[in-house]
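Residue numbers (the numbering used here), protein chains in the order written: chain A, 1 to 522; chain B, 523 to 1044.
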């Protein structure tokens, strides 16, 4: 796994945009949540990761127990939470004659509180694993931990007290935070209870990712990524309608382009707004796509006018990568995300995304009566023809990608979404895809979302629902309270990071079933 | 090792005394201290604990280095510090895309930052070992750790960042705290540079233990013990003259006697004043002794009048333990501290301490014209005669203790201090002791202090200086910046707690050389 690290990274800060974004900083709604149960995490080969949480007592009995050196207790908060933990601790026995050494292990999934983090050997930083070892010098006390966690389970482990006293956890609670207004949402009452539940979990996932910005995952990376933002925004228009948060995020990206005008794939907002030195072909284009969706959800012409130059700039840059045949140049060191799928060639899906977003940008140009519209239409025609000429394999009836003529799901899906073919041909292609099932498949909910949407736009509603139920329904079957960053029904330990401990189990790009269900009236 | 844990522990709080103590709460003086050097801790069998700190660069070069996963640096603050650490950290490289996981290991001695605490297996709580693992979500930052540490060395260890960035420690500093007024002290200029240095280190030890109360050790137990208080107060009268802090501590003890009027061996002051459920025969008597010393240092008659009943009560209780021969009853489960010496029988040294303190209480009674004086004089005569009759072994020319007629250093030393014999006989006894060197020796600086004072009161000034130089001078040779809780020149790894990692290396009861040097004009 490689990463981008740019040495000479020049950012041209647009202070006005940054100030506009700052003024849209959301208020965080707080809810106090208490654990519901004391649980035991038992080895069980039948369940995901091999660990099953079993209720052993109501959480209200917690204060009846005393914990000494080596004792521990697992608390279940009943649902996924994002927030701040506080613990009220009282000593029992003699006056505490040594500090309390307390370890907290905090997990979204049972596996995280039971498999020791010491054994973690993934390639993402171990600093994402949620644990704390704290020393308490004075008891009784009420501690509020300063860091925000994303979790359902909390393990409290007394590493040491002294032989003279034990401790009682009188109260453990979470101050859950979100910038989503849960009460404002219109619930749906679906005949299909599975879709109903999927809608609810999507909304919970979205809410838990809605903080100061649209975060990708509140456990990890806690950061604003363009690819996630685009999908969150789509789900948001159908649910919370917190459109100012989308606007804020767009201005944050537009506030820190590089010296060529390119927006980064993600930004950091603390201690101050910073562009990451990661640029992804598709994510930059998704700036334009997100602006398109925002405008048509809000009719906010002023914001469109402000951000139009930034959006156009992304397409302009992307078009520069076209070769003389109007096909995107492929190369080994090319940064286009598309999916975590191993060995996926990015050329054709990227070409499709460029066509897809250029069409959106043309629609924006028309709203603005911008002269660039005509030029872009010419580009579209050339790119679409090129795709049909050079990327379509008539014999296989699939789009191919790269010099090895790879047939991937991603290429077909994105070409369908790009509307290169007619609806009928798209339907044919999607059915062919589901029948042949090419080997280079789909790794992330992000790509599954696009599969389902491609089925929907090509008229395969039933198939779309089947895929939704197989994939997101599978997560629910496997115990999801919020939808996961990664899920492979055939390899449930899958992680692109070398360990499922570091996967995020509440992840923005998985929140789209509510969008798909509501938008397409499934 | 056994501990006292009382089940039905009734405390009769004297709120007026507690309020008096509260009003005497000292102001803490703060001094910002920066590290002096970057050091390497090298294995070296020639030095104590087998680890030697070697300077490799001035601390001013710290900010020139970048630290990534697995990197560490040892900082030397040049002298012993008690206070709060703050660290200014800046990232280098790409924007930090994962939290920094930083471990701090904080030690008074080089061994503490080099031998892993994970291997600690002593019987005192591992929670005393000074370390923290912290997660930093936002960089750059300046962190002030909330807990107080006692240290000279700090190891900073980057457990993880991410492949995209490293960190620079721009500044590390300690806000050192003490209630001693360092600038007020009269320094001495001694011809003997060894005694001069010993005086300085004593004062530094005392200052670092002077916090909200006279603590026994700022690393461990950070608590007000009567045995330590008595010695600290003696050193204080010769140096800082912060007599209100002694007064405060006396009222704290007098504020929480049990239902029989006994003062505990130690008290806790946070979150509120609490008596420990530990009672020691000698320590309770030292309340009276400390009041005696306080009164004759201050002439504070009002405080004497207030605390006289408490002091008298301790002697009264102690006298109840005398048998029909006016000898203290011995038993296996008797709680009298005396010393950490293995197998030490406590009977005779306790008898001596009772005589010693009763004499002091008589002097106080005389100041108050209290009628108890006469009664106590009778007791003294009986106890002294009993000691000479039943505890003195004419053949061995030593005091014996317990049914096994144990000959210990402690028995002789305390009988000399108690003044049971004439000065001449005491001198003879002390010389006999130093010549014969009975097997049951001395384990702590606390007992060494009494050895030196016993030599001084019996006219053996030269021998006293020799012992001072052998013992405290030995600590200096072995690298003491402040005097240690425990030191055995013949077994430098000695710990009564199962590990030298948990020993305190700045300990109140070791601070007395300044008292001995100044009081006896050595």
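Positions of the beta carbon are idealized from the N, C-alpha and C atoms, including for glycine.
Nearest by alpha-carbon distance to residue i: which of the options is it?
i, options, result
"residue 55 of chain A", "A:65, A:64, A:44 and A:39", "A:39"
"residue 603 of chain B", "B:668, B:713, B:956 and B:554", "B:554"
"residue 70 of chain A", "A:13, A:162, A:150 and A:78", "A:162"
"residue 660 of chain B", "A:146, A:135, A:134 and A:59", "A:146"
"residue 854 of chain B", "B:845, B:861, B:866 and B:848", "B:866"
"residue 582 of chain A", "A:450, A:437 and A:61", "Summary: the structure shown does not reach residue 582 of chain A, with chain A confined to residues 1 through 522, and so no result is reported for it."
"residue 739 of chain B", "B:655, B:1004, B:621 and B:1014", "B:1004"
"residue 158 of chain A", "A:12, A:326, A:67 and A:108", "A:67"
"residue 79 of chain A", "A:249, A:239, A:125 and A:506", "A:506"
"residue 504 of chain A", "A:89, A:111, A:185 and A:22", "A:111"
"residue 595 of chain B", "B:615, B:636 and B:619", "B:636"
"residue 821 of chain B", "B:638, B:880, B:890 and B:587", "B:890"
"residue 771 of chain B", "B:763, B:746, B:624 and B:779", "B:746"
"residue 429 of chain A", "A:393, A:122 and A:290", "A:393"
"residue 682 of chain B", "A:454, A:8, A:445 and A:126", "A:126"
"residue 305 of chain A", "A:322, A:438, A:254 and A:57", "A:254"
"residue 546 of chain B", "B:690, B:619, B:701 and B:688", "B:701"
"residue 978 of chain B", "B:727, B:784 and B:949", "B:949"
Given a cut-off of 7 Å, decide if residue j and residue i are closer than it, judged by their beta-carbon atoms.
i, j, result
"residue 768 of chain B", "residue 757 of chain B", "no"
"residue 749 of chain B", "residue 790 of chain B", "no"
"residue 348 of chain A", "residue 411 of chain A", "yes"
"residue 873 of chain B", "residue 909 of chain B", "yes"
"residue 172 of chain A", "residue 35 of chain A", "yes"
"residue 362 of chain A", "residue 373 of chain A", "yes"
"residue 617 of chain B", "residue 276 of chain A", "yes"
"residue 452 of chain A", "residue 516 of chain A", "yes"
"residue 621 of chain B", "residue 658 of chain B", "yes"
"residue 106 of chain A", "residue 47 of chain A", "no"
"residue 279 of chain A", "residue 265 of chain A", "yes"
"residue 876 of chain B", "residue 642 of chain B", "no"
"residue 696 of chain B", "residue 605 of chain B", "yes"
"residue 646 of chain B", "residue 1009 of chain B", "no"
"residue 170 of chain A", "residue 514 of chain A", "no"
Run down chain B in chain order and give the residues with a C-beta less than 7 Å from the C-beta of residue i.
i, result
"residue 164 of chain A", "525 and 527"
"residue 144 of chain A", "In chain order: nothing, as chain B lies at least about 12 Å away."
Should residue i be flagged as near chain B, meaning a C-beta pair shorter than 7 Å?
i, result
"residue 125 of chain A", "yes"
"residue 160 of chain A", "yes"
"residue 178 of chain A", "no"
Under 7 Å, Cβ to Cβ, is there at least one residue of chain A near residue i?
i, result
"residue 650 of chain B", "yes"
"residue 812 of chain B", "no"
Run down chain B in chain order and give the residues with a C-beta less than 8 Å from the C-beta of residue i.
i, result
"residue 270 of chain A", "659 and 660"
Determine the chain A residues that contact residue i at a beta-carbon separation under 8 Å, and present them in chain order.
i, result
"residue 798 of chain B", "94, 95 and 97"
"residue 669 of chain B", "135 and 137"
Can you pull the chain A neighbours of residue i, defined as C-beta to C-beta under 9 Å?
i, result
"residue 743 of chain B", "97 and 98"
Short-range partners of chain A found in the segment 617-629 of chain B, where Cβ spacing is below 7 Å: Correct list: 617, 619, 620, 621, 622 and 623.
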